[in-house]
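First up is the structure itself, then whatever we jot down about it.
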């Protein structure tokens, strides 16, 4: 009995760092931000309770809210599907048994290790600026150079490409999913005379749908919260065409120091993400196939 | 180590290979060892921490100060050298520098102030002073017994370094506004580089730059710097945009006049289009158009003229119209130094500040890394030593000769500036006519002023 209790203590001891981290760095700020969302709080002064005023302002008078929400939706709708498509395509290529495949897998995963960092955003700026490499390449092909980041209609798509480029983690999951598909299914299909496309649509894709669901949910959550590319590359411009929700939230909190308002904005974003995550999961029953339902 | 062994023995762990060890469940034993090792590691951490505490107590006589600033490499090096010299002179004080570029400095500073972790001596921008002091008395009143303020312009100290009558900061340098010009490009465009500019000349002569070479522009302002021109123009026709009482000073007609005038800048290619400059927000000096010598002028604060980094660089007066209500040209302390109100070493911090401003060694080391010194003695010394670049001197002289009245802190509020910028951006992209821009400008300002 005593030994059992000791074992229990040891377990708690090992998870203690995580528990402390979770409580102090996540749970407490989470509760605090909820409380702050009902206050007027300028970070240097004391919070002052104002009830639902912040939420009222978000939904009635703040023009930036709708603007940034529209920009963010556009960004998510473009970046997430393209990223997943690209990740799946690369995973299918890297699933081939060819010489040096390990090296290729490593190379294709590299962009994800580099992440959505400041350095990558700066690199993007250099690639797509008016005298950047992309425009120089277009000039070589006698094509008209574009204002990739200066044109309000193009800029959000250019920013979205940074996210698409970081397809590595989704690709690895797809690759793992592809490895799990029983080979016997492919053998049976080939014996029945199925072509490659038919095999992909009837076996590979349905078998991958659980992974697809996971990637879709995670990437949607990430895309809604994206901040770095807009902050570093365009600072939300031109004409707020890349004013992502995350950047607006940051500006309210750390540029105007309206922490109460920024907290309310973050909770609104949480509800939006919750809604779309719920929608994805709810819809999954009609398109996600688990092994036994194929 | 002995302590660890003793703990193991006391806890009943076999330290030799005796018979009892064989009978012990190996897995259980390993688990216990790991748990105990974890405890020991934590305990040792505590012991070392205690050791560090003792060390700290032993050297308590030595004051440890922190100083934060933003700037470029030359400022970082000069400031670190000045700190090293101070530590050499006063071995009882150690100072650690916390330095970075401009981006994010303000956000970090405010977060540190809120968390009570800001440095003892902080470099701050004069535009932040009112905003920060109004939200909490974050800076200590300058102790004039420890900091010699006699060599500074009284107006500068009273207007730009004080809050509610208390001197809470000191100016590093004087910065005023001017126009940097590329003499070569102006000449190639058939324009006399010594022209004294006004708004009409910019239209009639400035357009020649783009006409001569369509890849060149008279001005390469980024959107924010372009707003400075707009505010300058408004100051000259209306005296300003917002006054000290938080009311809008200009009329719709005056705004329409300004927008109509600046529309010509875009239509005639006087200024580079925002589609090309919006990537260089507040970083016009990094715009390839400027770097490659395709932009003839730039609006600039004199303290940061070195950013322009050009061989054939000269300075000129900003455009001023005849019968202007106010010139609109601003003068500010380049940056300020302030002492943290919660610093444990205020006295030492003030002494160090005094050294930075008044010690000849510090003056010599720091040079003009923070602009032309606001301290008259320091300026004399640097002039004697030949450390003041003639372009700096000329720019400062030109700027000071036309300085206008102080701009209201409401007009300098971050949200107000953003509200103005949003309309100017839409106007520059052709989304608004002059009339629509003027209406939206007023509406945006009224909304923000009602809120702040």
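Protein chains in written order, with the working numbering: chain A, 6 to 299; chain B, 66 to 517. All C-beta atoms in this analysis are idealised placements derived from N, C-alpha and C, irrespective of residue type, glycine included.
Rounded Cβ spacing between residue 140 of chain B and residue 305 of chain B (contact assumed at less than 8 Å): 32 Å between Cβ atoms; not a contact.
Nearest neighbour of residue 189 of chain B, chosen from B:467, B:498 and B:398 [CA to CA]: B:398
Taking the straight line between their C-alpha atoms, what separation do you get for residue 81 of chain A and residue 485 of chain B? 29 Å
Can you tell me the Cβ-Cβ gap for residue 283 of chain B and residue 234 of chain B, rounded? I've got them flagged as a contact below 8 Å. Their Cβ separation, rounded to whole angstroms, is 37 Å, which puts residue 283 of chain B and residue 234 of chain B out of contact at 8 Å.
Under 7 Å between beta-carbons, which chain A residues line up against residue 31 of chain B? List them in chain order, please. With chain B represented from 66 up to 517, any question about residue 31 of chain B goes unanswered, as that position is not in the structure.
Between residue 402 of chain B and chain A, is there a C-beta pair that is closer than 8 Å? no
With distances taken Cα to Cα, identify the nearest neighbour of residue 68 of chain A among A:271, A:262 and A:245. Ranking the options by Cα distance to residue 68 of chain A, first place goes to A:245.
Residue 438 of chain B - DSSP class collapsed to helix/strand/coil: Three-state result, residue 438 of chain B: strand.
Output the residue ranges of the beta strand (DSSP E) runs that lie fully inside the segment 168-202 of chain B and measure 3 residues or longer, sorted by chain position. For the segment 168-202 of chain B, whole beta strand (DSSP E) runs of length 3 or above, ordered along the chain, are 186-189.
Got a sec? Which residues, its chain only, sit under 7 Å from residue 170 of chain A by beta carbon, not counting five neighbours each side? Close CB contacts of residue 170 of chain A within its chain, under the 7 Å cut and outside five residues either way in sequence, are with 116 (chain order).
In angstroms, rounded to a whole number, what distance separates the CA positions of residue 157 of chain A and residue 134 of chain A? If you take the alpha carbons of residue 157 of chain A and residue 134 of chain A, they lie about 14 Å apart.
Based on the DSSP secondary-structure assignment, which residues constitute the bridge partners of residue 41 of chain B? The first residue shown for chain B is 66 and the last is 517, placing residue 41 of chain B beyond what the model contains.
Nearest-angstrom beta carbon gap, residue 212 of chain B and residue 419 of chain B [assumed within contact, 8 Å]: The Cβ separation is near 5 Å, so the contact holds.
Residue 129 of chain B - partner residues in DSSP beta bridges: In the DSSP assignment, residue 129 of chain B forms a beta bridge with B:159.
Less than 8 Å between the CB atoms is what I'm expecting for residue 238 of chain A and residue 154 of chain A, so what's the real figure, rounded? 6 Å
DSSP-derived helix/strand/coil call for residue 346 of chain B: coil
Buried versus exposed, by CB contacts within 10 Å (16 or more), residue 284 of chain A: exposed
Hey, how far is the Cα of residue 74 of chain B from the Cα of residue 14 of chain A? Any reading at residue 74 of chain B is ruled out, since the residue's pLDDT is 38, under 50, leaving its predicted position unreliable.
Can you name the residues of chain B whose CB is closer than 8 Å to the CB of residue 152 of chain A? Correct list: 340 and 341.
Simplified DSSP assignment, three categories, for residue 261 of chain B: DSSP places residue 261 of chain B in coil when its eight states are reduced to three.
Under 7 Å Cβ-Cβ, which residues of chain A neighbour residue 208 of chain B? Within chain A, no residue comes near residue 208 of chain B; the closest Cβ sits about 23 Å away, beyond 7 Å.
If you compare alpha carbons, which of B:494, B:441 and B:332 is closest to residue 215 of chain B? B:441
Taking Cβ-Cβ distances shorter than 7 Å, what residues in chain A pair up with residue 491 of chain B? 244
Scan the segment 42-55 of chain A for residues whose Cβ lies nearer than 8 Å to a Cβ of chain B and list them as they occur along the chain. 47, 48, 49 and 50
Rounded C-beta distance between residue 38 of chain A and residue 262 of chain A? I'm assuming under 8 Å. Contact doesn't hold; Cβ gap of about 15 Å is too wide.
Give me the chain B residues within the contact set of residue 240 of chain A, using Cβ-Cβ distance strictly less than 8 Å, ordered along the chain. The contacting residues are 346.
Enclosing alpha helix (DSSP H) for residue 378 of chain B [first to last residue]: Element bounds for residue 378 of chain B: not the alpha helix (DSSP H) but the beta strand (DSSP E), 378-381.
Backbone secondary structure at residue 282 of chain B - three-state DSSP: strand
Is the beta carbon of residue 243 of chain A sitting closer than 8 Å to the one on residue 490 of chain B? yes
From the DSSP secondary-structure annotation, give me the bridge partner or partners of residue 165 of chain B. Under DSSP, residue 165 of chain B forms a beta bridge with B:135.
Going straight from the alpha carbon of residue 95 of chain B to that of residue 19 of chain A, what length do you get? The predicted model places residue 95 of chain B with a pLDDT of 48, which falls under 50 and marks its position as unreliable; any figure quoted below should be read in that light. Taking the CA atoms as reference points, residue 95 of chain B sits about 15 Å from residue 19 of chain A.
Would you list the one or two residues that DSSP bridges to residue 366 of chain B? B:242
Backbone secondary structure at residue 80 of chain A - three-state DSSP: helix
What's the call for residue 23 of chain A, buried or exposed, on a 16-neighbour Cβ count within 10 Å? exposed
Minimum C-alpha distance to residue 298 of chain B - residue among B:309, B:281, B:321 and B:434: B:321
Closer than 8 Å to chain B by CB, residue 299 of chain A: Residue confidence for residue 299 of chain A is low, a pLDDT of 46 falling below 50, so the modelled location carries little weight; the figure read from the coordinates is stated next. Chain B, which has no Cβ nearer than 8 Å to the Cβ of residue 299 of chain A, makes this no.
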